[in-house]
Amino acid sequence: MPQEYDAMAAAQSLRLEPVTVDDVPSLTQIWFAAFTDPELRRLWPDTPGVRKWWDDANRYDILNKPFQRYVKVVDTASADTTGRARITAFAKWDLSMPDQRGRRYPPWCDDMPRDVCDEFIQREEAERKRVMGDEKHYYLDTVATHPDYQRRGAGSMLVKWGCERADEDGVGAYVDASKAGAPLYQRHGFVKCSGGPEPCDNCHRLRLGCTFNYPESVTSSEPGDPHGLLAPTEALTEAGTKRRRIAAACVECRAQKARCSGHRPQCFHCNRRNLTCVYPSSTTRRKGRAPPSQSHQSASPESTSTLSQGASHENESTAQQQQQQRTANPAAASLNTALDRSLLSTDVIRQHLEAFFDHVYPLGLDFFHRPSMMEEFYAGKLPPILCTSICATAAMFVSRSREARVLSVSWAKEVDAYIFGNLNVYKVLNIQLMSLSMFQNFAYRQFGKVWLLVSTAARLCVAFQLNDDRPLAPDADTASMIRRECERRLVWHVWWMDKGLSAGFDEFTCLPNRWMRTPLPNPEHTFRYGLLKKTSKLGDGVEALAAHDAGARAYLMILYTLRSEVLRSTKAIVLGSRSDSSPAAVSRAVATLTDLKDKLADFRTRTPTHIQPTELNMFSHSTTPEFSAYITLNSWYLQTCCDLFRTCLPGFARESAAASFIAEAPPGFVSSWRSLAVSHALRMARLWEHLQALRSKGALHSKQTRLPIGLGYGNMVHQCTKTLLTARRHELYENLVDPINGAPVELTDDIVDELCKSNVGLLDDMSGIAPITAVLQEDVKKMIESDKRSRQDTSNHCEENAHQMAPISSEVQRATLLSRYHPLSQSFDTNPKTVDEIAIQHSDSPQLPNRTLPTSDTDPTTTTTTREYQMQAPGDIYNSSTAHTMNLGELDGVGSSGGGGGLDDGGPLSWSGFAENQLVQDYYVAPSQFDMSGELSWFLSSYLDPDPINGSGVRSSEAAP
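Just so it is clear: in the sequence shown, position 484 is 484 by the working numbering, and no numbers are missing.
This is the structure:
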């Protein structure tokens with residue numbers, strides 16, 4: 001009853017209204033939200049230019065074409081940002097004939113493929129002419145429903161409105177419909193016209209006048225043909241209708257068991273993946289199917305992508321290179337399996353691409369330009385190995401099930417095999433793959449690979465001179481500027497990873513600061529919209545950033561140089577304090593530490609007020625694409641201050657100077673620095689506490705419900721909690737001040753308990769995604785419990801407990817004061833876990849409720865004792881059979897043979913959709929009925945309020961409901 005009541009209430013709040021010029025921006029937003037089909041996005045990519053083109057086209061039609069009627073459905077119970085009723089759907093009905101309205105659309109935008117768009121529209125118009133002829137009719141040009149209001153009747157209201165107008169005027173109606181949208185139009189009297197012989201089958205069955213316009217060749221057939229039939233072709237039958245089945249599939253589609261379109265010289269499947277399309281000869285078909293190992297002719301689908309090709313010498317034919325590699329070295333070919341096969345279906349890749357940009361991109365992997373990359377994806381130009389790498393990186397955010405973990409690891413292994421199998425081939429693409437692989441391997445605690453990959457990526461960056469300032473030509477276009485910015489962001493990402501792994505030691509550094517002569521990254525909003533401008537360089541210091549309105553990411557790069565200097569100096573002081581506690585050594589150390597303190601204070605002073613760590617700024621940044629960079633900048637600043645001031649903390653921590661050394665320091669200096677260390681740790685914990693409070697109240701205006709924190713937060717949480725526990729153990733509660741505003745602050749045992757719990761809670765989201773964060777969170781919990789037990793134990797075992805909580809794995813770690821979580825420390829583990837073991841350990845396979853789908857009475861596989869199919873489906877798209885028995889090359893053709901899974905008439909399977917403000921949800925399908933080649937969009941659209949995309953349907957005036 002509650003669900004029925006909600007549906008009824010929602011339907012009562014919907015109202016039909018005419019569209020006004022003021023509604024044009026909302027129409028464009030609804031169009032892009034409703035139409036996400038890859039083929040349509042190839043024609044109309046989601047770029048500012050195309051959005052403006054849609055605004056201009058709709059505005060012109062509304063003002064200058066009275067025969068085109070725009071109607072909308074508004075929700076009176078919901079308001080938009082202007083306070084008006086929210087527009088939920090709209091339709092465009094054309095009441096004219098083609099020769100009356102002129103050109104259907106204005107000249108195409110530069111961002112759109114003009115030739116493809118012309119061909120698409122010409123085919124639609126030709127099909128409409130062929131079906132309707134010269135008969136007067138109404139044409140449903142567009143109907144779009146916002147995803148939030150699909151399956152609520154808004155689309156039906158728009159269709160019904162036009163059908164009623166057609167019935168009043170006694171004319172027919174026509175619509176180009178997709179397979180998923182056909183049931184909606186059929187409920188309103190539309191009939192699919194199947195063509196001759198006259199009348200067509202559907203028109204004959206319904207006793208309608210068939211308007212199908214036969215080709216001229218049919219009426220002028222040769223003498224002796226009593227039926228006037230056509231000579232059959234590859235595309236048409238002798239009746240002149242489109243073939244439902246092709247004569248023969250190409251070799252590639254046959255090897256992948258994918259549905260082949262039969263188009264020559266290249267089918268859709270091969271064209272989308274840039275594969276060589278070869279059709280078997282008639283002799284081959286008669287002799288039988290050749291083994292895949294003999295008939296496989298696909299070339300490596302390397303792309304001319306502006307995002308992955310960074311040098312002119314990379315324009316050579318990759319297909320020719322790989323053919324030579326196969327001939328010269330058969331063993332090497334086995335390493336390129338990810339390139340020799342077509343990979344995942346378009347929809348699976350698209351889901352992971354969207355998850356990548358929503359959840360991984362903000363964490364520092366921001367060296368791809370989203371609009372350009374999505375445009376190249378829809379155009380089929382992205383290298384499959386790059387798609388595989390992105391899928392492997394984003395899969396942990398898509399699903400947490402065991403099958404997803406296993407499949408993600410298998411993708412990552414394909415990428416690693418490509419990387420290490422192509423070390424002799426220098427490409428910018430390889431640096432991108434290494435950077436993505438570092439994130440994946442770090443998340444799965446494969447630290448040895450991370451340590452080696454970052455050094456290799458750094459040397460490749462230097463080889464391509466990405467670290468140099470390479471000025472563009474004065475007349476460089478926007479695409480060239482975006483490509484250069486992507487390369488610049490790529491080398492800064494490698495430098496950032498190198499800085500983190502070097503831990504302040506020059507010996508561990510692969511990209512020194514003096515080598516980074518390239519400008520700092522542009523702010524995110526200027527990068528996204530291509531409004532790039534000149535920025536300062538790393539050597540110019542923080543004072544130069546204000547001149548060009550730098551974003552949080554540029555300030556973060558400057559901060560990392562300071563943090564590296566802080567770590568280098570403090571570690572030298574701590575290590576030296578164990579052997580030299582003379583007054584001269586102490587005096588030099590105090591002078592060094594004071595100088596570093598002044599540099600950090602100067603950095604904060606020169607930081608703009610709008611990116612300082614305040615509650616208002618956090619709330620404001622939650623709506624911007626730099627939200628993650630803002631939180632990371634302020635967290636690392638406070639952590640860097642803690643790294644500096646913790647040298648004077650009491651206890652047995654490795655980061656603190658020797659007790660004899662501290663005893664020689666001025667008393668006021670030691671007490672002041674201890675207060676500063678605790679004050680900064682307290683401010684950092686308060687920052688995270690407020691962040692979680694905003695999220696829990698729903699006041700965090702972010703696109704994500706998951707907090708956008710990266711993999712490095714686990715270490716910061718550990719250090720912050722450790723400092724707070726030290727303050728409680730030694731009662732360092734006096735003279736504490738807020739380091740941002742200078743106000744006195746209070747700290748008690750109870751507050752320490754609350755903040756420690758809050759610190760642990762900060763990692764809740766990422767601990768379910770990244771195994772490294774789960775391990776760090778568990779260690780923080782153990783540290784808190786150990787501290788609690790040690791306070792209850794009156795015996796003096798503090799030093800012993802400290803060594804137990806911070807074990808030494810190697811002499812390298814001891815000599816360099818590396819954290820136990822540093823990749824180099826972890827790499828000396830004598831019994832490390834494999835990535836497969838970690839994937840299984842940190843996975844979750846939830847129990848699913850039974851879901852039902854009605855089955856057809858005529859289905860021969862269905863027993864007569866039941867009419868419901870119980871779906872015991874796996875936790876997401878990664879079903880168990882796929883994850884454990886299939887490799888990448890086999891995924892694309894799952895279930896494609898046989899032509900259908902019986903879901904055309906699917907029942908009311910509940911599905912919540914992929915909301916933009918959530919993690920990508922798990923969705924469930926029966927493996928036996930899942931057709932990867934048919935694309936996920938078709939499957940999911942059967943449960944949504946469909947919108948017309950392609951196909952043709954005709955509604956006769958005699959078929960009015």
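C-beta: ideal position from N, C-alpha, C; glycine also. Note that this is a predicted model, so its numbers are computed, not measured.
Do residue j and residue i come within 9 Å of each other at the CB atom, strictly closer than that value?
i	j	result
Pro554	Ser536	Position check: residue 554 holds Ala in this sequence, whereas Pro was assumed. Yes, these two residues count as a Cβ contact at 9 Å.
Thr561	Asn513	yes
Met516	Ala457	no
Cys391	Ser408	yes
His680	Met783	no
Leu140	Ala89	no
Tyr70	Trp93	yes
Leu687	Leu644	no
Val745	Leu725	no
Val73	Arg15	yes
Arg264	Cys277	yes
Ser965	His493	This structure does not reach residue 965, given that the chain is present from 1 up to 961, and the question cannot be answered.
Val586	Glu664	yes
Leu423	Asn441	no
Glu524	Thr624	yes
Ala550	Leu520	yes
Ala394	Val450	no
Pro739	Leu691	no
For residue i, which residues does DSSP report across the bridge?
i	result
Gly714	DSSP lists no partner for Gly714.
Gln719	BP columns for Gln719 are empty, so no partner.
Arg41	DSSP, once it has assigned bridges, lists no residue as partnering Arg41.
Pro744	Val737
In whole angstroms, what separates the C-alpha of residue i from that of residue j?
i	j	result
Glu376	Leu382	6 Å
Asn430	Lys160	54 Å
Arg84	Glu124	36 Å
Leu95	Gln122	19 Å
Val670	Trp636	23 Å
Arg483	Ile87	38 Å
Ala154	Ala33	15 Å
Arg646	Thr721	13 Å
Thr773	Ala693	21 Å
Ala255	Glu485	40 Å
Asp366	Leu472	21 Å
Val428	Ile419	12 Å
Thr142	Phe35	11 Å
Tyr529	Tyr733	49 Å
Val401	Ser389	For the sequence presented, residue 401 should be read as Ser rather than Val. Their Cα atoms are separated by approximately 19 Å.
Lys136	Cys270	41 Å
Gly189	Val171	13 Å
Got a sec: is the Cβ-Cβ distance from residue i to anything in chain B below 9 Å?
i	result
His718	Included in the structure is just one protein chain, with no chain B present.
Note the first and the last residue of the continuous beta strand (DSSP E) segment covering residue i.
i	result
Ser78	Gln68 to Ala79
Asp738	Asp738 -> no beta strand (DSSP E), and no H or E assigned at all.
Leu140	His137 to Thr145
Ala173	Gly172 to Val175
Pro18	Leu14 to Pro18
What residue range is occupied by the uninterrupted alpha helix (DSSP H) comprising residue i?
i	result
Gly155	Ala154 to Asp169
Arg104	Counting along the chain, Arg104 falls outside any alpha helix (DSSP H), and DSSP gives it neither H nor E.
Ala91	Careful: Ala91 lies outside any alpha helix (DSSP H), inside the beta strand (DSSP E) at Ala85 to Asp94.
Lys757	Asp749 to Leu762
Ala591	Pro583 to Arg606
Arg130	Arg114 to Met132
His968	In this structure the chain extends from 1 to 961, so residue 968 is not present and cannot be described.
His352	Thr346 to Ala355
Asn965	Not covered by the structure: residue 965. The range shown for the chain is 1 to 961.
Gly421	Arg402 to Gly421
So within the region 508–544, which uninterrupted alpha helix (DSSP H) runs reach at least 4 residues, ignoring any that extend past its ends?
524–528
Minimum length 4: unbroken alpha helix (DSSP H) runs contained in the region 476–510:
478–502
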